[in-house]
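Protein chains in written order, with the working numbering: chain Z, 24 to 269; chain B, 24 to 269; chain D, 24 to 269; chain L, 36 to 295; chain U, 36 to 295; chain S, 36 to 295.
Okay, structure coming up:
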């Protein structure tokens, strides 16, 4: 956060560089079952982000000494394609992606009915094909859809969303420039039915009041995003039913 | 293939830089049982190549989940000594040696009666001590001898041989300069009894006619190389019989 | 050994750079049970060295195929903190620490009654927090105390000590400057009851007579160091008994 | 090839496929020299300098090309640098694991690389910025998203398509953006033997049943630029001749239709 | 967290702790917002440029700071370089293994790093020797010696204490030694939920029983500089509000008492 | 040492060897201070700058020396660079595995390296091309081809023989090729204890039965240049005295006969 810059990220009329208002989301589009081999899959375009998610499982956890006799373990792997960012990224996990994989795994596990699948493992592969700020929450949002598409029972979906601070104002869903040159970034993962927080990270500088404002912006947006998730899944079920009907 | 160069690799009388004619092999010498510890071993000098091969097995495949219940698996490991090439090579496998190990393993497995040894593994270690063009086919030729020397039943030997294109002419058994500055390289692994092809790679530029010409050159050379393999093995059996006779 | 230097490491009155005489040790202080989690632990300050040792075990050796059905295996791991030396050291083992870990493991195993614990493993973690010449023998000395503090039966303690050659004179317990610019270095691990040698390495240049002189210096010092070890352990037992008495 | 990844093919299925193939029909109704439905979408990742999403039947791969200034290799000071990397993403198949490249991904990457390099498709002599010091470095990164056989060809088509639309970002260093200089179009065709019948573009079931494999890359002039025989079985010389013809014929069609 | 490292907590012990905590008492008698005994000894390793030994209850960590001249990152040519590394030494816990950083050590390192970086504690603009070419590189290496819970805070306090006493070795390059330029003092406080009761500075038993965790780093102005929610459970928004207050209040005390 | 690689020695064989050794005879008829048949063939790999194939009994190793221009270490700007690497090739023994150097290969490499370095065999001061900037870098790569005990000595003899015949490729940089400047000839002799009898140059069976091991390297002047005690047992001081004498005496013979 907070590399100095002369760019004016938001103007006196509260219009942001890309024309959005403070509480406006970038365009979001979710598709399901985009892959043949996986048990469930999804594809999300969120602004310029393009992220594909595949789910395998529940399957027997391996190696065996990793098995939990009481529940399934959820292993999300967040990974960026070498060409997804401006400077080519060397393939393989770096420290950032290890951390994101961990918090995303934990957020998903909070939503999945893991107690139904003792000794099992649910693998969630999140591949960022093009990155454009907010990849972790876009990936989490899509992952939740892919888990549902795999037919794995969940207590609730998980919705990811970010708020941040630019030009001393709280805004929703940071763009790439806002992420690079802004003052704070607050990505959250929410269970929309209960407003529970299952993922939260923050860096930058927020007063307690600003935190309140950011949180309330996120909570509202959550409902909209959850709706997009539902529609993506419904479309899937429609197609399946049609297929079965034929 | 094909780094530009002013070197004239073959002259108007079809004489090559090292004095050979187009279909002439470099000198080849094979010895068996050059190592004490291995179950079978061989040493080949082919031009300036010096390559040692050791065979261990059939022995139980490890780790167990790699075992094939129907047959032995053949694992060749092609490796270059650090000092075998002009610039010191860092020890350990690189992408080139991983690929060569794979195609050599497959070529050997096609000749070995692997169905006699379910759950077993046959290890073939090919160590290039000095490299001088054509190491993969020289290594394959020697490996086949080492497998036979280990007493492992084979349908046929495997003979390796290369043809290539230099100065727009097809020639046999490329030398180092011809390999560096030539126009095409076609290494093949042949079962000499049946003329079947168990290894083939190619890079460069060959018309279909040139391919025919190169292949027919290789097929003829194969008989000569197979003879050298047989002699190396016969010498071994002679020595063994003498030893038993004493 | 023996990087050239103009520094005069010992003067005509046999006084060394840090004021010590030839057979004088640097100050040594040992404490036990400095860690809560380990089964036994110790901390040694020896000159500027600060080294912490933790012992875990005897516990089941893992992986199982490493188990010895006749005795426990002793695995010491010598490791330097990144900040323990002048130039930051990258975390993780280098070739030097692998070698030291090996000879220290062997020296400790010679003293521990490993035959009492078949299939077990005793882990000894030696962490150099600040390095100041002689870390391996200081670490070995402390490790021996930590093993005893863990209640693991030993035939004898192991005492580490170094002698070396500077300015053509044999001196005890090299300092950092003497180590960098001296002529020879002879670290030894001794069982003090029997004067047996369980660790010995040497580099530099010693005549046979100089070796004799160095060894005899080490043997004498060994008694003093063993006394410090005993005191550290006695203090521990005193505390334990007081605690039990209360 | 992961023979038993989805459970080994049942014997019944195998003998059915074998019977069919002897009558000239393949599991999905294709003829021996017929490739699966092929879709190539270039510029799928605008953030890359070139990209292509390829669907070959149910196999799906994504190629991204990144081009940046860097140092030449010491032995080729006046040529651009070219590297090809294949990632078998764990999302693509139940037994694929994340980690460093393995035997399979290295073989695919090297065969794709060889076809492009040996055909002299890219004019590397034009990729020099300052001779001996600074050249354009071209990274071709191939991500396998969904695996249903014949990675060699899918990855090769993707790499060729992405390179043909790739832009050298000269503007980053004060110059102009230009298209990557391209000379010709290598096309790879992979052929496997199913009980002595040779078929091209095998799907996963066919790969699992095949005894051997060859990948042949040709250019517009009908010349062979790269070959790679793989798997345990063998080819007769006559079969290789047939394979070269099949590759050249089918390759021409694919070049015309998808890689113009 | 290594839930079953020492054997899973017995059910009896668990229900005892649960019962107690509902009555506002913790296993070791602390109140929910009370941290364990804290001891910080700076300059423990004189060979380092800064160092601190921290004991937080029975958790013990040692931080060493090394500062040397090096190259800046290309995208921040006029800023010093800062890296944080955590080693979970195998001496610290029976199941810790030597080897490259794992998920747990990376998370701790990154959360500690974020708190320091985002609070702008160190004035990196003053760490430039020659703009774009040579800057001071600050390595913070944290070694965990004894593990009894709450590494986030112990490591954070150690890093902050070591940095506040660290010396930039200017004399090594012909200048003068100076203190590292420090602007303010971030304090991290970690809070876990034990059966709906939120407690700070959990020991290992409490970590093993907790359903979820949050680490919040604040500065003197009461602003939040970094947060990290972890573990499987969830927080209600109200609980986060409470956690922020707890972090800010307890953090102020710790800053005053130990990190001046 | 891989004690059980070929199956642990049978108890019967062990007690036979023990009985014999007490009578002063070894398994293969050697006397305690007698080394096995030794053959050294230098210049075995002409492509290297120096090389030697060594057979010590049934142990066979190949050393290649590569010398090229490179940068000196910052702390020794006016000395050539020297590195020694040992590869325990999987061809040499059933349980050797390919992969990075392990404990055993690192110990052998470091002991060989130490003997050469500490004896000042190679005159590193003469290996400077441009002070502080460019020096000759000497790589000694030792490949173990066949393992039947006593790698320390076999590798040491090979390294010494290869270095003594190695050529500094000055012509590559416009100068002349010259022999590597050599001052003296360190000889290492390894001694093990078999039931209190000390024998030199152990074969694998003797290594498996021995309780402890010491490698001592001496130079022409009878001085000790490097020592390494290894394995689990102990030496009395008197035994070390005896070992030093044995090393010095046997070492002189080997130097005269094979390393002139």
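Think of the CB as a built atom: it goes at the ideal place given N, C-alpha and C, for glycine as much as any other residue.
Skipping 5 residues on each side, what residues in its chain have a beta carbon closer than 8 angstroms to that of residue 242 of chain B? Only 213 and 218 meet the Cβ criterion.
Would you mind reading off the limits of the beta strand (DSSP E) that contains residue 117 of chain U? For residue 117 of chain U, the enclosing beta strand (DSSP E) starts and ends at 116 to 123.
So residue 59 of chain Z contacts chain L; which residues on that side make the cut at Cβ distance below 7 angstroms? The contacting residues are 93, 181 and 183.
Taking Cβ to Cβ, would you say residue 143 of chain U is nearer than 8 angstroms to residue 186 of chain U? Yes; because the gap between Cβ atoms is below 8 angstroms, this pair is in contact.
Name the residues in the segment 253 to 276 of chain L whose C-beta lies less than 9 angstroms from a C-beta of chain B; which are they? For the segment 253 to 276 of chain L, the beta-carbon criterion of a distance under 9 angstroms to any beta-carbon of chain B is satisfied by 254, 256, 257, 258, 259, 260, 261, 262, 263, 264, 265, 266, 267, 268, 269, 270, 271, 272, 274, 275 and 276.
Which residues mark the beginning and the end of the alpha helix (DSSP H) in which residue 64 of chain D is found? No alpha helix (DSSP H) holds residue 64 of chain D; the beta strand (DSSP E) holding it covers 63 to 69.
Where does residue 286 of chain U sit, in a helix, a strand or coil, going by DSSP? In this structure, residue 286 of chain U counts as helix in the three-state DSSP scheme.
8 angstroms Cβ cutoff, residue 75 of chain Z in contact with chain L: For residue 75 of chain Z, a Cβ of chain L is located within less than 8 angstroms of the residue's own Cβ.
Might you give, ordered along the chain, the residues of its own chain that have their beta carbon closer than 7 angstroms to the beta carbon of residue 103 of chain D, omitting 5 neighbours on each side? Closer than 7 angstroms at the Cβ level, and outside the excluded window around residue 103 of chain D, lie 112, 120, 151 and 154.
If you draw a straight line from the C-alpha of residue 38 of chain S to the C-alpha of residue 239 of chain S, how long is it? With a pLDDT of only 41 at residue 38 of chain S, under the threshold of 50, the placement of this residue in the model should not be trusted, and no figure is reported.
Outcome for residue 32 of chain D when other beta-carbon atoms lying within 10 angstroms are tallied against a minimum of 16: Classification for residue 32 of chain D: buried.
Listed from N- to C-terminal order along the chain, which residues in the segment 150 to 171 of chain D have their beta-carbon within a distance smaller than 7 angstroms of any beta-carbon of chain U? Across the segment 150 to 171 of chain D, CB contacts with chain U closer than 7 angstroms involve 150, 152 and 153, in sequence order along the chain.
Counting only runs of 4+ residues fully inside the segment 72 to 135 of chain B, write out the alpha helix (DSSP H) ranges in chain order. Those alpha helix (DSSP H) runs which fall completely within the segment 72 to 135 of chain B and span 4+ residues are 118 to 134.
Taking three-plus beta-carbon pairs below 8 angstroms as touching, is the segment 169 to 182 of chain L in contact with the segment 65 to 72 of chain L? Too few Cβ pairs lie closer than 8 angstroms, so no.
Are any of the Cβ atoms in chain S nearer than 8 angstroms to that of residue 282 of chain B? Residue 282 of chain B lies beyond the range of chain B shown here (24 to 269); nothing can be said about it.
Compute the beta-carbon to beta-carbon distance between residue 170 of chain Z and residue 39 of chain Z, rounded to the nearest angstrom, for a pair I have assumed lies under 8 angstroms. Actually they do not touch by this definition, with Cβ atoms about 32 angstroms apart.
6 angstroms Cβ shell around residue 41 of chain S - same chain, five flanking residues per side excluded: Note that residue 41 of chain S scores a pLDDT of 47, beneath 50, so its modelled location is shaky and nothing firm can be said.
Which residue marks the beginning of the alpha helix (DSSP H) containing residue 140 of chain U, and which one marks its end? Taken as a continuous stretch (DSSP letters only), the alpha helix (DSSP H) holding residue 140 of chain U covers 138 to 153.
List the endpoints of the continuous beta strand (DSSP E) containing residue 223 of chain L. Going by DSSP, residue 223 of chain L is part of the beta strand (DSSP E) stretching over 222 to 229.
Using a Cβ-Cβ cut-off of less than 7 angstroms, list which residues of the segment 133 to 162 of chain L approach chain B; keep chain order. Hits within the stretch, in order: 138, 141, 142, 145, 149 and 153.
Quick one, which of U:62, U:152 and U:168 has its alpha-carbon nearest residue 109 of chain U's? For the residues U:62, U:152 and U:168, the minimum Cα distance to residue 109 of chain U belongs to U:168.
Minimum C-alpha distance to residue 133 of chain D - residue among S:145, S:106, S:270 and S:184: Of the listed residues, the one whose Cα sits closest to residue 133 of chain D is S:270.
Check the DSSP bridge columns for residue 94 of chain S and list the partner residues they point to. Per DSSP, S:91.
Please report whether the beta-carbon of residue 122 of chain B lies at a distance below 8 angstroms from any beta-carbon of chain L. Yes, contact with chain L.
List, in chain order, every chain B residue whose beta-carbon is nearer than 8 angstroms to that of residue 217 of chain L. The premise fails here: residue 217 of chain L is roughly 17 angstroms from chain B at the closest Cβ pair, so nothing lies under 8 angstroms.
Which residues in chain S sit within 9 angstroms of residue 230 of chain D, going by Cβ to Cβ distance? Under the 9 angstroms cutoff, chain S gives 256, 257, 258 and 259.
Contact with chain S by residue 227 of chain D, beta-carbon distance below 8 angstroms: At a cut-off of 8 angstroms between C-beta atoms, residue 227 of chain D counts as an interface residue with respect to chain S.
Select from the segment 96 to 112 of chain B all residues with a C-beta closer than 8 angstroms to any C-beta belonging to chain S, and list them in chain order. Cβ contacts with chain S: 100, 102, 104, 105, 106, 107, 108, 109, 110 and 111.
Run down chain D in chain order and give the residues with a C-beta less than 9 angstroms from the C-beta of residue 287 of chain U. Result: empty, since nearest Cβ-Cβ is about 29 angstroms, beyond 9 angstroms.
Looking at the unbroken alpha helix (DSSP H) that takes in residue 156 of chain L, where does it start and where does it end? No alpha helix (DSSP H) holds residue 156 of chain L; DSSP gives it neither H nor E.
Does the CB of residue 294 of chain S have a neighbour CB from chain D at under 8 angstroms? It does not: the Cβ of residue 294 of chain S has no partner Cβ on chain D nearer than 8 angstroms.
Can you tell me the Cα-Cα spacing of residue 78 of chain B and residue 267 of chain L, whole angstroms? About 19 angstroms.
Distance, residue 243 of chain S Cα to residue 98 of chain D Cα: Rounded to the nearest angstrom, the two C-alpha atoms are 20 angstroms apart.
Taking the alpha carbon of residue 44 of chain Z as the reference point, which residue from Z:186, Z:211 and Z:225 has its own alpha carbon closest? Looking at the Cα atoms, Z:186 is the closest of the given residues.
Answer with yes or no whether the minimum CB distance from residue 129 of chain B to chain L is below 8 angstroms. By this cut-off, residue 129 of chain B is an interface position.
Taking the straight line between their C-alpha atoms, what separation do you get for residue 153 of chain U and residue 210 of chain Z? Computed Cα separation, rounded: 15 angstroms.
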